[in-house]
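Heads up, the thing below is written out as structure tokens.
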Amino acid sequence: MSASVTASTSLPDNPRPSRLRRFSHLRTYTLNLSSSLPSGQRSYIHSLSSRIPWRSSNSYSISPTANSTAIPCPEAEADHPPLSRYTSAPAPSYGFGIELNSQVSSTDSAVSTPSSSTPSNEVPRTPNSMARLRSASAVHRPPPRTLERATTNSQESTPSPEPGAAQENVIGPTSAPADGQVTPSKSETKATIRFFPYQDSLQSSRPSLPFIPVARTLPSESCVIRVGRYSERDGVPHPNPTEPSDAPVGFKSKVVSRKHCEFLYVNGQWHIKDVGSSSGTFLNHMRLSQPNMVSRLYSIKDGDIVQLGIDFRGGEEMIFRCVRIRIECNRSWQQQPNEFNKNTESLIKNLGKGETADYSGCRECSICLGSVLRPYQCLFMAACAHVWHYKCISRLLHSPDYPMFQCPNCRAFTDLNAEVDDSNDSEEKREKESTEDRTSNDSGEQLETEGPSVVETNNSMEGPPEQLGDLAEEENLVNNVESLHLQDDQHTDDTRSSASPAPNSSTDDLVRSATINIPGWQPTQPLSVPSGRQSQLRTDTPVRSETSDDNPLTPRNDSGPLAFDGRAGMP
Amino acid sequence: MGSIKRISKELTELTQSPPEGITVELVDESNVYEWRVIMDGPEGSPFHDGKFLVKLSLPTEYPFKPPTVSFATKIYHPNVTNDDKGSMCLGMLRADEWKPSSKIAAVLQFARQLLAEPMPDDAVEGRIAEQYKNDRMRYEEIAREWTRKHAC
Numbered sequence: 001m002s003a004s005v006t007a008s009t010s011l012p013d014n015p016r017p018s019r020l021r022r023f024s025h026l027r028t029y030t031l032n033l034s035s036s037l038p039s040g041q042r043s044y045i046h047s048l049s050s051r052i053p054w055r056s057s058n059s060y061s062i063s064p065t066a067n068s069t070a071i072p073c074p075e076a077e078a079d080h081p082p083l084s085r086y087t088s089a090p091a092p093s094y095g096f097g098i099e100l101n102s103q104v105s106s107t108d109s110a111v112s113t114p115s116s117s118t119p120s121n122e123v124p125r126t127p128n129s130m131a132r133l134r135s136a137s138a139v140h141r142p143p144p145r146t147l148e149r150a151t152t153n154s155q156e157s158t159p160s161p162e163p164g165a166a167q168e169n170v171i172g173p174t175s176a177p178a179d180g181q182v183t184p185s186k187s188e189t190k191a192t193i194r195f196f197p198y199q200d201s202l203q204s205s206r207p208s209l210p211f212i213p214v215a216r217t218l219p220s221e222s223c224v225i226r227v228g229r230y231s232e233r234d235g236v237p238h239p240n241p242t243e244p245s246d247a248p249v250g251f252k253s254k255v256v257s258r259k260h261c262e263f264l265y266v267n268g269q270w271h272i273k274d275v276g277s278s279s280g281t282f283l284n285h286m287r288l289s290q291p292n293m294v295s296r297l298y299s300i301k302d303g304d305i306v307q308l309g310i311d312f313r314g315g316e317e318m319i320f321r322c323v324r325i326r327i328e329c330n331r332s333w334q335q336q337p338n339e340f341n342k343n344t345e346s347l348i349k350n351l352g353k354g355e356t357a358d359y360s361g362c363r364e365c366s367i368c369l370g371s372v373l374r375p376y377q378c379l380f381m382a383a384c385a386h387v388w389h390y391k392c393i394s395r396l397l398h399s400p401d402y403p404m405f406q407c408p409n410c411r412a413f414t415d416l417n418a419e420v421d422d423s424n425d426s427e428e429k430r431e432k433e434s435t436e437d438r439t440s441n442d443s444g445e446q447l448e449t450e451g452p453s454v455v456e457t458n459n460s461m462e463g464p465p466e467q468l469g470d471l472a473e474e475e476n477l478v479n480n481v482e483s484l485h486l487q488d489d490q491h492t493d494d495t496r497s498s499a500s501p502a503p504n505s506s507t508d509d510l511v512r513s514a515t516i517n518i519p520g521w522q523p524t525q526p527l528s529v530p531s532g533r534q535s536q537l538r539t540d541t542p543v544r545s546e547t548s549d550d551n552p553l554t555p556r557n558d559s560g561p562l563a564f565d566g567r568a569g570m571p
Numbered sequence: 001m002g003s004i005k006r007i008s009k010e011l012t013e014l015t016q017s018p019p020e021g022i023t024v025e026l027v028d029e030s031n032v033y034e035w036r037v038i039m040d041g042p043e044g045s046p047f048h049d050g051k052f053l054v055k056l057s058l059p060t061e062y063p064f065k066p067p068t069v070s071f072a073t074k075i076y077h078p079n080v081t082n083d084d085k086g087s088m089c090l091g092m093l094r095a096d097e098w099k100p101s102s103k104i105a106a107v108l109q110f111a112r113q114l115l116a117e118p119m120p121d122d123a124v125e126g127r128i129a130e131q132y133k134n135d136r137m138r139y140e141e142i143a144r145e146w147t148r149k150h151a152c
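Protein sequence lines, in the order shown, are assigned to chains A and B.
Every letter in the first sequence is one number past the one before it in full-length UniProt numbering, and letter 323, counting from 1, is 323.
Every letter in the second sequence is one number past the one before it in full-length UniProt numbering, and letter 11, counting from 1, is 11.
Okay, structure coming up:
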């Protein structure tokens with residue numbers, strides 16, 4: 001979900017009903033868009049429709065629908081001709097399918113009947129659009145099966161990550177369908193950036209504006225991510241895109257100017273530029289430019305803090321609070337299966353297995369320096385696959401920042417409230433199932449032609465999700481089993497030295513994931529529990545968890561992220 | 001107290017296999033939070049041959065909070081305050097930089113490394129930093145003199 005949506009839900013003065021209205025409005029809106037456009041263009045709706053207002057200053061008054069329907073075509077065609085073919089198919093279905101997927105997988109029956117309940121126009125929407133998207137994607141899949149097969153791995157990776165993780169993994173997976181055909185490895189280098197809310201507990205007692213983490217993966221390097229005040233006139237507040245997108249990011253705060261700052265990716269480096277904000281953009285407490293002046297480019301790195309505006313009127317009201325963003329970039333390697341998290345996974349797997357486990361390479365808990373690799377003790381493993389004793393790490397878990405958890409070893413952020421990846425259970429089953437199942441499955445043919453997005457969709461929508469999933473992943477499974485064995489052989493040695501994930505292994509792993517077909521996506525990746533969890537943990541958080549639960553200023557969104565699917569308020 | 005366990009573990013490690021030029025002991029055997037560290041001036045630096053008494057104190061929240069390092073021996077160094085506290089400015093010890101996974105051994109080694117290679121850009125003594133950058137000869141001269149005077 002886009003930050004704008006997030007911010008809006010977190011406003012205190014936004015009573016629930018109106019919020020709902022807004023969402024349903026958006027919903028209808030999005031739906032209109034998706035139905036009114038050929039699916040080939042749909043993937044650009046978000047970026048384009050919202051981009052337009054930025055570009056032409058006078059287009060603010062234009063109704064969003066007019067915007068997006070009128071403009072996308074030329075631009076989409078002109079800007080990304082090569083992309084459109086591949087992105088178009090998977091992309092639309094991810095938009096909603098994914099979100100659904102992770103959360104709704106249990107409620108399959110309702111989901112598969114789009115028109116069942118219309119009164120609220122909330123619930124049916126998601127399935128509805130999903131179904132449509134799905135069929136669309138089926139139609140639009142490039143017919144050649146060989147191609148399909150080739151991309152399957154990478155594409156599968158896209159659907160799997162649910163709302164939040166998707167954003168993350170967009171880099172490898174999503175981009176793969178786009179240009180992966182030509183250069184599989186190149187797709188891994190897509191520029192991805194994430195924005196986290198940052199609470200500066202040391203310098204300011206006042207919380208900054210809460211928002212759901214935002215992620216963007218640039219469709220091409222020349223794209224710019226514009227950041228400004230959220231405005232309904234600015235076009236569609238699109239969901240956190242799972243496909244590459246340069247959709248603007250909006251924050252619902254009065255101290256954020258409409259055009260506040262921009263994030264650019266230049267020469268392999270992320271930069272920020274103030275585009276004439278009135279209350280300033282601050283990079284690590286340094287103001288980038290005078291009021292209403294455009295600043296030069298400043299390079300940013302992982303962990304930098306960007307503040308938009310300054311608290312106004314003491315920031316008592318949410319809408320007057322500044323926005324503090326922690327930047328996360330160049331972390332994508334961590335979300336991929338890598339040497340470190342695969343080792344950890346296999347080590348953990350052996351826990352409690354008595355003699356078969358090898359404790360000679362005991363890994364230590366970085367808090368107490370004791371070994372974590374003994375059975376019968378409570379452990380906590382973060383999404384980055386670092387492991388501690390629960391007792392040792394618990395005070396970092398239950399911090400004021402909860403549910404955001406920062407790994408003390410590698411500083412990666414984890415969203416502890418993220419949806420659980422329950423596909424893990426099926427993974428287990430899958431492991432036991434033999435690979436022959438693949439051929440016996442009747443819907444195999446269809447599955448493959450429809451493409452991975454459908455795989456995921458099916459997972460959440462239809463009765464036998466696992467079968468379908470199995471099919472698509474057989475290949476991955478095999479590969480994973482193989483690679484895991486490799487890992488197993490080395491793990492005792494490796495782990496001794498791998499107290500922290502070695503960043504330099506990233507490229508290696510990325511490459512491998514491209515070549516050995518280790519899928520870039522985690523949840524359904526059969527053997528990689530840590531990475532699977534990671535992607536799950538890194539999902540969007542329901543707004544209410546952004547700040548401590550007892551903060552009276554923050555309204556609760558008890559419906560979770562699905563609220564943005566238009567399901568808010570549904571029992 | 002989980003911290004005591006970890007601290008004693010680190011202490012044992014450090015006393016059994018001390019890093020080069022560093023010896024540690026407790027100020028008071030009953031209190032694991034206060035350490036006395038003898039740091040030899042690293043070779044090639046103006047502090048060579050000096051023995052610096054460094055006090056390392058650990059917060060009770062250790063390892064969640066960083067330890068503090070201060071030089072009890074006067075030292076002419078851009079990153080050590082030139083007062084009776086002698087507190088040392090180590091990037092990794094700042095509250096927002098600190099990681100619980102950092103060990104005391106690493107802190108001490110880093111501190112010693114800083115003696116060999118001051119970081120004038122992070123200086124707490126601006127004047128010394130200035131001199132270090134612009135008049136290295138003079139800086140080394142004074143540092144050697146101070147080392148002779150205070151640390152031998």
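C-beta: ideal position from N, C-alpha, C; glycine also.
Every value quoted in this text rests on a predicted model; they were computed, and no experiment measured them.
- Among the residues facing chain A, F64 (chain B) is included, as its CB has a counterpart in that chain under 8 Å away.
- In the structure shown, W146 (chain B) falls within a helical segment according to DSSP collapsed to helix, strand and coil.
- Any Cβ of chain B closer than 8 Å to the Cβ of S208 (chain A) would place that residue at the interface, and such an atom is absent.
- The C-alpha of L416 (chain A) lies about 7 Å from the C-alpha of Y402 (chain A).
- With respect to the C-alpha of A116 (chain B), the residue from B:E130, B:M39, B:I7 having the closest C-alpha is B:M39.
- Counted as a single uninterrupted DSSP element, the stretch harbouring I300 (chain A) is not any beta strand (DSSP E), since DSSP gives it neither H nor E.
- Distances from the CA of C329 (chain A) to each of A:Q199, A:P248, A:Y265, A:S208 were compared; the closest alpha carbon is that of A:Y265.
- If you draw a straight line from the Cα of S289 (chain A) to the Cα of H260 (chain A), it is about 11 Å long.
- According to the DSSP assignment, Q131 (chain B) belongs to the alpha helix (DSSP H) that extends over 126 to 134.
- Excluding the 5 residues flanking it on each side, A123 (chain B) has same chain C-beta neighbours closer than 7 Å at P78, N79, A129, in chain order.
- Taking the Cα positions, T68 (chain B) is about 9 Å away from L90 (chain B).
- Taking a cut-off of 8 Å on C-beta distances, the segment 270 to 278 of chain A touches the segment 289 to 304 of chain A, as three or more cross pairs fall below it.
- The DSSP-derived three-state label of D49 (chain B) is coil.
- When DSSP assignments are scanned along the segment 372 to 419 of chain A, the uninterrupted stretches of alpha helix (DSSP H) that are 4 or more residues long and fall wholly within it turn out to be 390 to 397.
- Of the residues assessed, R363 (chain A) falls on the buried side of the cut-off, its CB having 16 or more other CB atoms within 10 angstroms.
- Here I4 (chain B) is exposed: its Cβ has fewer than 16 other Cβ atoms, across all protein chains shown, within 10 Å.
- Residue environment analysis places S253 (chain A) among the buried positions, since at least 16 neighbouring C-beta atoms fall within 10 angstroms of its C-beta.
- The continuous stretches of beta strand (DSSP E) do not include F320 (chain A), and DSSP gives it neither H nor E.
- At a cut-off of 8 Å between beta-carbon atoms, P197 (chain A) makes no contact with chain B.
- Distance between T192 (chain A) and E61 (chain B), taken at the CA atoms: about 36 Å.
- By the 16-neighbour rule on beta-carbons within 10 angstroms, Q113 (chain B) is exposed.
- Assignment of beta-bridge partners to R326 (chain A) by DSSP yields A:F196, A:I305.
- Assignment of beta strand (DSSP E) within the segment 44 to 120 of chain B, counting only whole runs of 3 or more residues, yields 51 to 57, 68 to 71 in chain order.
- Listed by position along chain A, the residues whose Cβ is nearer than 8 Å to that of E10 (chain B) are L369.
- Against chain A, a Cβ distance below 7 Å from P19 (chain B) picks out nothing, because the smallest value is about 16 Å.
- Beta-bridge partners of T23 (chain B) (DSSP): B:I38.
- For H271 (chain A), the enclosing beta strand (DSSP E) begins and ends at 269 to 274.
- Comparing C-alpha distances from E140 (chain B) to each of B:F64, B:E29, B:I75 shows the shortest one belongs to B:I75.
- Close to chain A, meaning a Cβ-Cβ distance shorter than 8 Å, are the following residues of the UniProt domain "UBC core" (2 to 152) of chain B: G2, K5, R6, K9, E10, P63, F64, A95, D96, K99, P100, S101, K103.
- Between F340 (chain A) and Q307 (chain A), the C-beta spacing is not below 8 Å.
- At a C-beta separation below 8 Å, R395 (chain A) has these neighbours in chain B: F64.
- Between I225 (chain A) and P197 (chain A), the gap from beta carbon to beta carbon reaches 8 Å or more.
- Around the beta carbon of R127 (chain B), fewer than 16 other beta carbons lie within 10 angstroms, which makes this residue exposed.
- Less than 8 Å divides the Cβ of F380 (chain A) from the Cβ of L397 (chain A).
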